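Under the numbering used here, residues 522 to 669 are what the sequence shown spells out, in order.
Report on the structure given below.
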Amino acid sequence: MPTPWQTRCATLAVALMWGYEGLWCKIFPGRADQRAIVEGLPLLPDAAAHALLIGIGLAELALGAWVLSGYAPRVAALVQTALVLAFNTGGLLVGADQIPEPGRLVVQDLVFLALVWTVATAHRAPADDRTATNGRTADTARTEAAAV
């Protein structure tokens, strides 16, 4: 189990990755390879590619903020996993010629997802820590019950 400091560092790393991908790679200034992949999507009008990139970038920024918030970490990890899988699948199917090293992309994203799930599982669910009635720890409640 990671220490609280390690969990905070890992959480920050995950959030920074989403911030970098969203802000720098999609919005300002945006990476040409990612723009080309989106422009290559079938049935997407050329005029919509820029707006879609901005929307994806904003969603990635929001995901980074969600990770930092610590709210529903396992749900956040599921969403991140689904997005990474969707982005990789779409990129490899539609824009493989825009990805210089597809194997490296897949390996890097597997490592990233391992970190995502490390962060998600490092957070303890509130039900594990407190009883619903008076805020005592579950261990304290069990000890008091055993003493009676």
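Note that beta-carbon positions come from the ideal geometry of N, C-alpha and C, so glycine has one too.
Source: prediction; values computed, not measured.
- Is the Cβ-Cβ distance between residue 670 and residue 534 less than 8 angstroms? Look at the range of the chain in this structure, 522 to 669, and you will see that residue 670 is not part of it.
- Any heavy atom of the ligand ATP within a distance shorter than 7 angstroms of the CB on residue 600? Only the bare structure without any ligand can be found here, which leaves the ligand ATP out of the picture.
- Query: Between residue 545 and residue 588, is the Cβ-Cβ spacing less than 8 angstroms?
  - Reply: Taking the first residue of the sequence shown as position 1, residue 545 is located at position 24. Taking the first residue of the sequence shown as position 1, residue 588 is located at position 67. No. Outside cutoff.
- Whose C-alpha, out of 526, 568, 574, 606, is nearest the C-alpha of residue 549? Taking the first residue of the sequence shown as 1, we reach residue 549 at position 28. Shortest Cα-Cα distance from residue 549 to any of 526, 568, 574, 606 involves 574.
- Thinking C-alpha only, which one of 593, 626, 608, 619 is nearest residue 644? Along the sequence shown, one-based indexing puts residue 644 at 123. Among 593, 626, 608, 619, the Cα nearest to that of residue 644 is on 593.
- Query: What is the rounded straight-line gap between the Cα of residue 570 and the Cα of residue 616?
  - Reply: Looking up residue 570 in the sequence shown gives position 49. Looking up residue 616 in the sequence shown gives position 95. Residue 570 and residue 616 have their C-alpha atoms some 14 angstroms from each other.
- Using the beta-carbon count (16 or more within 10 Å), is residue 536 buried or exposed? Position 15 of the sequence shown, counted from the start, is the residue given in the question as residue 536. Buried: at least 16 other Cβ atoms inside 10 Å.
- Apply the 10 Å Cβ neighbour rule to residue 581 and answer buried if 16 or more other Cβ atoms are within range, or exposed otherwise. Working through the sequence shown from its first residue, we reach residue 581 at position 60. Under the 10 Å beta carbon count, residue 581 is surrounded by 16 or more other beta carbons and is classified as buried.
- Query: What is the DSSP secondary structure of residue 633, counted as helix, strand or coil?
  - Reply: Looking up residue 633 in the sequence shown gives position 112. The three-state secondary structure of residue 633, taken from DSSP, is helix.
- For residue 584, is the classification buried or exposed, using 16 other Cβ atoms within 10 angstroms of its Cβ as the cut-off for buried? As a position in the sequence shown, residue 584 is number 63, starting the count at 1. It is buried - the Cβ of residue 584 has at least 16 other Cβ atoms within 10 Å.
- Proximity winner among 602, 627, 640, relative to residue 612 (alpha-carbon distances): Within the sequence shown, numbered from 1, the residue matching residue 612 stands at position 91. It is 627 whose Cα lies nearest to the Cα of residue 612.
- Item | Other residues of its chain near residue 610: CB distance less than 6 angstroms, five sequence neighbours each side excluded | One-based indexing of the sequence shown puts residue 610 at position 89. Here the set comprises nothing.
- Integer Cβ distance of residue 560 from residue 554, believed to fall under 8 angstroms: Start at 1 with the first residue of the sequence shown, and residue 560 comes out as number 39. Start at 1 with the first residue of the sequence shown, and residue 554 comes out as number 33. Actually they are not in contact, since the Cβ atoms of residue 560 and residue 554 sit about 11 angstroms apart, beyond 8 angstroms.
- With burial defined as no fewer than 16 other Cβ atoms inside 10 Å of the residue's Cβ, what is the status of residue 622: buried or exposed? Translated into positions along the sequence shown, residue 622 becomes position 101. It is exposed - the Cβ of residue 622 has fewer than 16 other Cβ atoms within 10 Å.
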